[in-house]
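Residue numbers (our numbering): 15 to 499.
What follows is a set of notes on a single structure, which appears directly below.
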């Protein structure tokens with residue numbers, strides 16, 4: 015089973031090569047053809063512990079790796095990294111089901127994939143006979159950056175350079191990145207928003223593809239590990255008696271770049287009984303409008319919100335879904351060309367009919383986000399971050415008449431303490447680190463150990479560039495003999 019570009023203009027490659035390359039040479043994203051996706055009998059998997067479950071799913075979607083190889087990589091990547099041995103526990107709070115994905119080293123859902131990706135990358139590089147160093151380029155809207163830096167820190171044969179929007183991440187997220195240690199890590203802010211940073215990284219790939227790869231969810235090695243927790247949530251819901259065997263389960267997903275929710279679609283295509291995937295957006299509701307109308311139009315105001323990891327107007331992984339639904343790389347290439355040239359495209363009605371059979375779209379502004387945090391805390395004493403709150407609101411709007419819904423809780427509330435404290439009626443102030451302490455005192459919910467002491471860590475990375483200068487910056491950094499701080 016080979017991976018092809020969504021745009022059809024590049025040769026098919028092995029799963030290992032797709033991981034090493036990150037992005038296809040024609041600018042497309044690597045994906046299996048719709049009719050090549052494997053099928054798994056979920057009943058055979060329901061009693062497996064998380065590492066064994068992950069190994070079965072990874073081996074099915076990344077066939078260069080045997081189940082035994084995959085399990086060894088999973089155990090190496092996850093060992094000692096998660097504060098909860100279940101990796102992704104399902105929690106019942108007042109009847110709502112929260113899939114907690116923030117128990118990893120950076121307190122965000124990206125850890126589930128990015129603790130594993132460095133091991134997948136080095137193993138894939140060896141399988142492909144790659145002998146030179148790999149430079150990982152990553153644009154982040156907040157959480158991917160720190161998770162990738164931590165995952166790839168001091169990995170031999172790999173350097174990682176992370177770009178983040180200068181004024182588009184929370185102070186806690188920024189502090190996590192700019193204080194990152196490691197002899198192979200670099201961090202640079204971009205004057206602009208996440209879309210500017212992401213577009214800049216894609217242009218660099220087009221200009222100098224050799225020796226580059228990505229830790230964003232455009233890399234299939236980043237996306238596949240996220241499929242696993244849809245399965246684990248389903249099996250936990252079974253054990254909790256919240257669903258009957260074979261009953262479909264809905265998932266509400268706070269959505270920006272469309273990778274996390276696409277993992278849910280892949281789980282459904284593998285055979286998991288997935289009901290509706292709720293695409294939950296903040297005020298940057300380009301995806302809501304697309305699912306409702308079939309028109310994707312990024313020509314709109316960009317809103318800086320309380321849920322900054324979702325402040326995105328160009329959702330890269332939607333391209334993979336368009337290909338999986340249509341099976342037509344020519345169509346996808348045409349739509350992406352229109353998006354680049356005109357800022358918009360209209361998807362065919364037949365494609366949108368297929369999409370709406372699986373997805374529903376919802377959005378929630380900052381006022382609704384804070385109201386959701388307050389309501390869940392007051393009624394159930396459960397503390398949500400701003401992104402989880404958007405997904406919770408979507409689940410409420412979807413309604414319980416459609417069956418149970420799992421809400422993906424993608425980050426610790428301590429990563430956004432000002433917004434969470436404000437939602438609970440407290441004065442926010444200007445010192446986010448003091449607010450972390452205040453939130454712990456108020457709520458009694460323990461702060462993640464990896465966020466303690468963040469204020470005292472020295473700033474090691476201060477570079478800042480305009481989007482137009484990103485290529486020259488990467489060339490210069492790539493030529494430097496040492497990045498040790």
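C-beta: ideal position from N, C-alpha, C; glycine also.
| said: Taking its Cβ as the centre, do 16 or more other Cβ atoms sit within 10 Å of residue 478, making it buried, or is it exposed? | reply: Here residue 478 is exposed, its C-beta having fewer than 16 other C-beta atoms within 10 Å.
| How is residue 334 classed by DSSP in three states: helix, strand or coil? | helix
| When the Cα atoms are used, what is the spatial distance from residue 469 to residue 56? | 45 angstroms
| query | Would the beta-carbon of residue 222 fall within 8 angstroms of that of residue 172? | reply | no
| Can the beta-carbon of residue 139 be found closer than 8 angstroms to that of residue 156? | Going by C-beta atoms, residue 139 is not nearer than 8 angstroms to residue 156.
| Range covered by the alpha helix (DSSP H) that runs through residue 290 | It is not in any alpha helix (DSSP H) - residue 290 instead sits in the beta strand (DSSP E) that spans 288-295.
| CA-CA distance, residue 347 and residue 261? | 37 angstroms
| request: Inspect the CB distances between the region 140-152 and the region 247-255 and report whether three or more fall short of 8 angstroms. | output: no
| Where DSSP assigns a beta bridge to residue 106, which residues make up the other side? | In DSSP, residue 106 forms a bridge with 111.
| message | In chain order, what are the residue ranges of uninterrupted alpha helix (DSSP H) at least 4 long that sit wholly in the region 146-221? | response | 157-166, 185-192 and 208-221
| request: Check whether the region 377-385 touches the region 403-410, taking contact to mean three or more Cβ pairs, one atom from each stretch, closer than 8 angstroms. | output: yes
| said: Whole angstroms are fine: how far does the CA of residue 466 sit from the CA of residue 455? | reply: Approximately 14 angstroms between the Cα atoms of the pair.
| field | Local conformation of residue 20 per DSSP, three classes | value | Coil at residue 20, not helix or strand.
| request: Helix, strand or coil for residue 269, going by three-state DSSP, please let me know. | output: coil
| query | residue 178: which of 484, 169, 490 and 397 sits nearest, CA to CA? | reply | 484
| request: Measure the C-alpha to C-alpha separation of residue 238 and residue 231 and round it to an integer number of angstroms. | output: 9 angstroms
| message | With the cut-off set at 8 angstroms, would you say residue 20 and residue 36 are in Cβ contact? | response | no
| task | Classify residue 482 as helix, strand or coil using the three-state DSSP reduction. | result | Here DSSP, grouped into helix, strand and coil, assigns residue 482 to helix.
| Does DSSP classify residue 230 as helix, strand or coil? | coil
| message | How far does the alpha helix (DSSP H) with residue 387 in it extend, from its first residue to its last? | response | 380-394
| query | In whole angstroms, what separates the C-alpha of residue 165 from that of residue 127? | reply | 9 angstroms
| Is residue 307 helix, strand or coil when you go by DSSP? | helix
| If you drop the 5 nearest sequence neighbours on each side, which residues of the same chain put their C-beta closer than 8 angstroms to that of residue 85? | 65, 66, 68 and 69
| query | In its own chain, which residues sit with a C-beta less than 6 angstroms from the C-beta of residue 309, not counting the 5 before and 5 after it? | reply | Beyond the five residues adjoining it in sequence on each side, residue 309 comes within less than 6 angstroms, by CB distance, of 360 in the same chain, given in chain order.
| request: With a 10 Å radius around its C-beta and 16 neighbouring C-beta atoms as the bar for buried, classify residue 431 as buried or exposed. | output: buried
| request: Please work out which residues of its chain come closer than 7 angstroms, Cβ to Cβ, to residue 208, disregarding the five sequence neighbours upstream and downstream, and give them in chain order. | output: Excluding sequence neighbours, residue 208 sits near 153, 155, 179, 182, 325 and 326.
| Which residues share a DSSP beta bridge with residue 10? | Past the boundaries of the shown model lies residue 10; the chain is included only from 15 to 499, so the question cannot be answered.
| query | Is residue 100 helix, strand or coil when you go by DSSP? | reply | coil
| residue 176 and residue 201 closer than 8 angstroms at C-beta | It is a contact, given that the beta carbons lie within the stated cut-off.
| Sequence-distant residues of its chain with Cβ nearer than 6 angstroms to residue 123 (five each side left out) | 115 and 424
| task | Quick one: which unbroken beta strand (DSSP E) runs of 3-plus residues sit fully inside the region 405-437? Chain order, please. | result | If we require 3 residues or more, the beta strand (DSSP E) runs fully inside the region 405-437 come out as 419-423.
| How about residue 319 and residue 294: do their beta carbons lie closer than 8 angstroms? | no
| field | residue 435 beta carbon less than 8 angstroms from that of residue 453 | value | yes
| task | May I ask you to list the residues that DSSP assigns as paired with residue 360? | result | 309
| field | Same chain, Cβ closer than 6 angstroms to residue 132, five either side skipped, listed in chain order | value | 165, 166 and 169
| request: For my contact list, residue 9 and residue 421 are in at a C-beta cut-off of 8 angstroms; report their separation, rounded to the angstrom. | output: Any question about residue 9 goes unanswered here, given that the chain covers just 15 to 499.
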